[in-house]
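What follows is a single structure, written as structure tokens, with notes after it.
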Amino acid sequence: MEPIPMRKPLIAGNWKMNLDRHAAIVLANAIAEAAEKIGNVEIAICPPFVYLDVVRQALGNSVVALGAQNMSPEPSGAFTGEISAGMLKDVGCKYVILGHSERRHLLGETDAFINTKVHAAIAAGLLPVVCVGELLADREAGKTAAVVGAQLEGSCAGLSPEQMAEVVMAYEPVWAIGTGKVASPEQAEEVHLALRKMISDRYNSQTAERVRIQYGGSVKPSNAAELLSQPNIDGALVGGASLRAEDFLGIVAGVK
Ligand code: PGA
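According to the working numbering, the sequence shown is numbered sequentially starting from 142.
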């Protein structure tokens with residue numbers, strides 16, 4: 142049997158609907174320059190669709206990977222306003238964030254719909270970053286594991302063990318996103334461990350050991366190192382703090 146490779150942490154910046162063209166280029170340049178000296182962690186940035194191409198150019202042949210924030214499950218056709226997986230590949234994306242809680246809760250995306258996107262992304266050669274996370278009410282009702290388990294199950298239904306191993310999961314408690322309230326390292330680790338166990342039960346332990354599970358929700362330079370030192374936390378999905386190079390790189394530096 143092949144040895145299981147170490148999980149390389151992935152720090153990804155989710156720029157959401159922020160910045161303009163100039164600011165996107167400046168930020169990408171700053172991250173690309175700093176990334177040259179960083180080897181122990183993979184870095185990705187996820188700009189708005191309209192800036193993907195200029196950010197790709199700004200990155201040049203940097204090791205920083207490009208990701209998108211969403212995509213259509215459809216390959217092409219009459220879907221006004223939508224962007225396909227093939228288009229994202231064409232502009233140089235490696236990753237695509239799917240099932241972010243803002244899309245689940247503001248736009249009503251379901252696990253079944255997210256699942257169609259996960260399959261389309263993989264078919265096009267993109268690596269999906271699949272987001273799961275509970276509401277505060279779920280946590281208070283003791284339902285965290287059940288909620289994230291159902292999201293994992295639904296969003297990743299029908300994947301082979303090989304496909305599942307390539308998926309990046311992002312555990313993002315909804316109550317911690319953009320609120321300044323961060324899950325404690327122990328709270329986060331508990332859920333990450335539970336997710337890995339669910340993947341192991343559903344597939345096998347080798348697959349579970351390969352899946353990278355990021356934490357997301359108010360990650361900052363001041364709390365990153367402690368979160369990232371947990372054994373089952375394999376990186377971070379960063380919103381607000383990814384918009385300033387200094388903050389984002391401070392989080393990257395939290396990977397030991
Ligand atoms: P935040 O967002 O870091 O601003 O809390 C995280 C996310 O939504 O991915």
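In this text, a Cβ means the ideal position worked out from N, Cα and C, and glycines have one as well.
So which of the options has the shortest CA-CA distance to residue i?
i	options	result
Q371	L390, Q328, G208, V167	Q328
G295	H260, K149, V237	H260
A298	L368, D252, L390	D252
A382	N373, G376, V360, I374	V360
A162	V196, E275, A185	In the sequence as presented, Ala is not what sits at residue 162; that position holds Arg. The shortest C-alpha separation from R162 is found at V196.
K258	M212, A199, T348, E223	M212
R245	M310, G358, Q292, M147	Q292
V191	P214, E174, E223, S203	E223
K230	A206, E243, G218	A206
G233	Q304, A185, H333	A185
V237	A176, G290, P188	P188
R337	V289, G208, A165	V289
L193	N181, P214, L160, E183	L160
V271	G395, L368, I172, Y312	Y312
A164	A386, L248, K397, G391	A386
A262	V273, A278, M305, T221	M305
K149	N373, H333, A264, A175	N373
If residue i and residue j are in contact, beta carbons under 8 Å, what's the gap, nearest whole angstrom?
i	j	result
V379	A153	7 Å
V398	I340	Coverage of the chain is limited to positions 142 through 397, which leaves residue 398 absent and any answer about it impossible.
P302	R280	Contact flag wrong, Cβ pair sits at about 30 Å.
A335	A286	5 Å
N155	Q210	6 Å
A377	G391	Their Cβ separation, rounded to whole angstroms, is 11 Å, which puts A377 and G391 out of contact at 8 Å.
So for residue i, helix, strand or coil by DSSP?
i	result
E281	helix
A365	helix
V182	coil
G380	coil
L168	helix
A286	helix
G357	strand
I263	helix
I392	helix
L160	coil
V352	coil
L193	helix
Any heavy atom of the ligand NAD closer than 7 Å to the Cβ of residue i?
i	result
E275	As presented, the structure is devoid of the ligand NAD, carrying the ligand PGA as its sole ligands.
With a floor of 4 residues, list each alpha helix (DSSP H) that falls wholly inside the stretch 195-256, ordered by position along the chain. Whole alpha helix (DSSP H) segments, 4+ residues: 226-231, 242-247.
What residue ranges within the stretch 290-349 form continuous alpha helix (DSSP H) runs of no fewer than 4 residues, ordered along the chain? Annotation note: the stretch 290-349 contains the following uninterrupted alpha helix (DSSP H) runs of length 4 or greater, listed N- to C-terminal: 302-307, 326-343.
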